[in-house]
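Quick notes on the structure that follows.
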Amino acid sequence: MKTGTETPPSQPPPLTKERMPLVIAPDVILDLISGTGDAARDAEALFEAIAADRAVQDPRDIRRPCFITPLTVPMIRYHAERHGGPHAAHEVVGCLLSLLLVAPLNNFDYYEALSFTKFEYEAAVLFVTYRRVGAKYLVTRDHFDVKRTPVPRRSPAEVLPLFR
């Protein structure tokens with residue numbers, strides 16, 4: 001139920017050669033945590049590129065900011081704790097938060113996600129996050145069980161050249 005107190009989101013800054021936001025889906029982070037196979041190698045290469053990018057940039061002027069949804073943090077912590085215990089989960093979340101930004105979503109954004117009825121809610125929140133931060137791509141391996149989605153998707157391997 002809308003209360004009328006939510007404000008619509010402001011427009012994200014325009015994309016330029018200087019700024020290219022990305023949204024990282026949870027499946028890419030889970031691939032990194034799993035540590036096996038081609039998907040894990042691609043995720044590891046992407047996160048190494050993100051870390052290298054952060055190391056050479058002024059943190060106040062990130063040119064390729066990488067965002068996650070607010071839902072991603074507890075999801076990843078849960079999976080990391082199941083596989084490595086509480087200490088590992090804290091370490092994984094800490095590393096994740098040092099490289100990625102949690103997108104600032106509000107009630108309006110979560111209401112908007114409800115309108116994507118052909119998709120699971122978690123996917124819909126990814127799409128809304130993409131719009132909210134003005135992203136260039138949603139980085140994922142997930143195909144969302146449909147050929148077309150409302151946002152352009154790329155795999156971790158496909159976005160690696162953006163960091164070079």
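Sequence positions in the sequence shown follow the numbering used here and run 1 to 164. Don't be surprised by glycine CBs; every beta carbon is placed ideally from N, CA and C. These numbers were taken from a predicted model, which means no experiment stands behind them.
**Cα-Cα separation between P26 and V125, rounded to whole angstroms** = On the sequence shown, residue 26 is found 26 positions in, with the first residue counted as 1. On the sequence shown, residue 125 is found 125 positions in, with the first residue counted as 1. Cα to Cα, P26 sits roughly 12 Å from V125.
**Message:** Buried or exposed for D109, going by 16 or more other Cβ atoms inside 10 Å?
**Reply:** Here the question's residue 109 lines up with position 109 in the sequence shown. With 16 or more Cβ atoms within 10 Å of its Cβ, D109 is classed as buried.
**Asked** Anyone know if the C-beta pair for L99 and I50 falls short of 8 Å?
**Response** Here residue 99 is taken as the residue at index 99 of the sequence shown, counted from 1. Here residue 50 is taken as the residue at index 50 of the sequence shown, counted from 1. Cβ distance < 8 Å, so L99 and I50 count as in contact.
**Item:** Environment of P152 [buried if 16+ CB atoms lie within 10 Å]
**Value:** Looking up residue 152 in the sequence shown gives position 152. Under this definition P152 is an exposed residue.
**Request:** Ignoring anything shorter than 3 residues or poking outside the segment 54-124, list the beta strand (DSSP E) runs there in chain order.
**Result:** 66-68
**Request:** For my contact list, V139 and P150 are in at a C-beta cut-off of 8 Å; report their separation, rounded to the angstrom.
**Result:** For the purposes of this step, residue 139 is taken as the residue at position 139 of the sequence shown. For the purposes of this step, residue 150 is taken as the residue at position 150 of the sequence shown. The Cβ separation is near 16 Å, so there is no contact.
**Asked** Is the CB-CB distance between Y137 and V159 below 8 Å?
**Response** The residue given as residue 137 occupies position 137 in the sequence shown. The residue given as residue 159 occupies position 159 in the sequence shown. Yes. Within cutoff.
**Prompt:** What is the DSSP secondary structure of R153, reduced to helix, strand or coil?
**Reply:** Within the sequence shown, the letter at position 153 stands for residue 153. It is a strand residue.
**Request:** For my contact list, R141 and V23 are in at a C-beta cut-off of 8 Å; report their separation, rounded to the angstrom.
**Result:** Here residue 141 refers to the residue found at position 141 when the sequence shown is read from its first residue. Here residue 23 refers to the residue found at position 23 when the sequence shown is read from its first residue. Contact doesn't hold; Cβ gap of about 14 Å is too wide.
**Request:** Can you have a look at A52 and say buried or exposed, based on whether 16 or more other CB atoms are within 10 angstroms of its CB?
**Result:** Locating residue 52 in the sequence shown gives position 52, counting from the first residue. Classification of A52: exposed, given that the 10 Å Cβ count is below 16.
**Request:** Could you check if C66 is buried or exposed, using at least 16 other CB atoms within 10 Å of its CB as the buried criterion?
**Result:** What you label residue 66 is simply residue 66 of the sequence shown in a count that begins at 1. Under this definition C66 is a buried residue.
**Asked** Thinking C-beta only, is V133 closer than 8 Å to P21?
**Response** In the sequence shown, residue 21 corresponds to position 21, counting from 1. In the sequence shown, residue 133 corresponds to position 133, counting from 1. In this structure, V133 lies closer than 8 Å to P21 by Cβ.
**Rounded C-alpha distance that separates G94 from P104** = Start at 1 with the first residue of the sequence shown, and residue 94 comes out as number 94. Start at 1 with the first residue of the sequence shown, and residue 104 comes out as number 104. Answer to the nearest angstrom: the Cα atoms are 18 Å apart.
**Asked** With C-beta atoms as the reference, is L162 less than 8 Å away from R19?
**Response** One-based indexing of the sequence shown puts residue 162 at position 162. One-based indexing of the sequence shown puts residue 19 at position 19. It is not a contact, given that the beta carbons lie outside the stated cut-off.
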